[in-house]
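Below: the structure, in structure tokens.
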Amino acid sequence: MIQLSKWLVVFAQAESETPISEDSFINKLIPNWTSFVAQLGALIVVLILVILIGYKPLKKMLKKRQDYVENSIRDAEVAKLQAEQDREQAHEAVLASQNEAVQILANAKNTADLKAQQMLEQTNMQIAKMKQDAEEDIARSKQEALDEIHDEMVSVALSATSEILKREINEKDNARIVEDFIKEM
């Protein structure tokens, strides 16, 4: 230790211009025991006060902050999972709606096709009925025309016969002459 103190004295002298004695340097390096113990006690009291006043409340505050952050993270994860589930449900609802829309369109198309088919059938039936009515009307008109022609022919035949015979023909003769005339025609 004496070697160390001599070396320190030499070192201190090299840096300063005033010579330092070996005793004063050691006295300055190691203070007296009473001031050392007082300073050590003050340091311990300051450390205790810093721990009690600063460190423990700071540690509590940091713990609360850590718990808050962990809870926030946990809540965010739960919210993320819920949002994912909601997104899945919404996606499924959209798909179901699209399928329902396709089904509704298909049903509407089928209904429209069925109604169009029914209307076509009704139109065809009306056309067939109108055609049948027209054919019946034509047949009836034809029959009426034939009846008129027959009556006209009978009348002409009777007139012609009356002229030819210049006499009056009875009903029996009239019917026979008409029949013969019609057969010839």
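With this note's numbering as the guide, the letters of the sequence shown map in order to residues 58 to 242. Glycine included, every Cβ here is placed at the ideal spot set by N, Cα and C.
Just verifying my parser: in three-state terms, what is the DSSP assignment at residue i?
i     : result
Asn89 : coil
Do residue i and residue j have their CB atoms nearer than 8 Å?
i      : j      : result
Val213 : Val235 : no
Does at least one heavy atom of the ligand HEM sit under 7 Å from the Cβ of residue i?
i      : result
Asp170 : Summarising the ligand content, the structure contains no ligands, and the ligand HEM is consequently not present.
>> Suppose only complete runs of 4+ residues qualify. What are the alpha helix (DSSP H) ranges in the region 83-142, listed by chain order?
In response: 90-106
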